[in-house]
Amino acid sequence: MTDAAETLDLDAAKEGVKSLYKEPKVKVLDPDSMEGSLLERMPSPTGWRMLILPYRGKETTDGGIYIPNKVLEDGQIQTVVGYVVKQGPLCYQDKEKFPDGPWCEEKQWVIFARYAGSRFRIDGGECRILNDDEILATIDNPDDILSL
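This note's numbering applies: residue 2 is where the sequence shown begins, and numbers increase by one.
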């Protein structure tokens, strides 16, 4: 690995999950920013579980007012929308339970129940591990879903 690559890898490690969000007008999750090293450091779900990154939401209002980090973090905890990062090896393998095939795939936005799964924090954000049958719906754009 070159010195430049090591520096980029260390910078990504310092930023943690924060580095996955890009900032056009507002900061949103940019799945294409997931580098191999960061993705490899994230927990790998076992069995029929999947790793979800909860949607963080906009950092500014439509009028341009910045939303405090505490409010964003609370929203991330309460959100029902997330991005499927990884799936365990047994996800959707039960043909009796899922006769029509998988309900979702990796790299897809999903809706889940508010208190579903196990929540835990990693450097820069929160993650959840959900069972494959806890997915309620798939969506194209997380901004379409308003939190309560």
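For glycine and all other residues, C-beta sits at the position ideal for the given N, C-alpha and C.
The structure displayed is predicted, hence computed values, not measured ones.
Euclidean distance between Cα positions of residue i and residue j
| i | j | result |
| --- | --- | --- |
| N142 | Q88 | 20 Å |
| A6 | I53 | At A6 the pLDDT is 49, less than 50, meaning the model places this residue with poor confidence; the figure from the coordinates comes in the next sentence. Computed Cα separation, rounded: 27 Å. |
| G48 | D145 | 31 Å |
| R122 | G102 | 31 Å |
| Y56 | E97 | 31 Å |
| C128 | T80 | 11 Å |
| D95 | W104 | 12 Å |
| E41 | R120 | 19 Å |
| L91 | G126 | 26 Å |
| T8 | D124 | With a pLDDT of 48 at T8, under the threshold of 50, the modelled position of this residue cannot be trusted; read the value that follows with caution. So the alpha carbons of these two residues sit roughly 18 Å apart. |
Integer-rounded CB distance, given that residue j should sit under 8 Å from residue i
| i | j | result |
| --- | --- | --- |
| F113 | I130 | In fact, because the Cβ distance is near 11 Å, the residues do not count as touching under 8 Å. |
| V86 | E107 | 7 Å |
Residue i classed as buried or exposed, judged by whether at least 16 other C-beta atoms fall within 10 angstroms
| i | result |
| --- | --- |
| Y116 | exposed |
| P46 | buried |
| G118 | buried |
| Y67 | exposed |
| T139 | exposed |
| P69 | exposed |
| G64 | exposed |
| P100 | exposed |
| T61 | exposed |
Pair within 9 Å by beta-carbon distance, residue i and residue j
| i | j | result |
| --- | --- | --- |
| D133 | M51 | yes |
| M84 | V111 | For the sequence presented, residue 84 should be read as Tyr rather than Met. Contact flag set, yes. |
Distance cut-off 8 Å: residue i Cβ against heavy atoms of the ligand GDP
| i | result |
| --- | --- |
| I140 | The ligand GDP is not among the ligands present in this structure, which contains no ligands whatsoever. |
- prompt: Where are the beta strand (DSSP E) runs, 3 residues long or more, that stay fully inside the segment 71-137, in chain order?
  reply: 82-88, 110-113, 119-123 and 126-132
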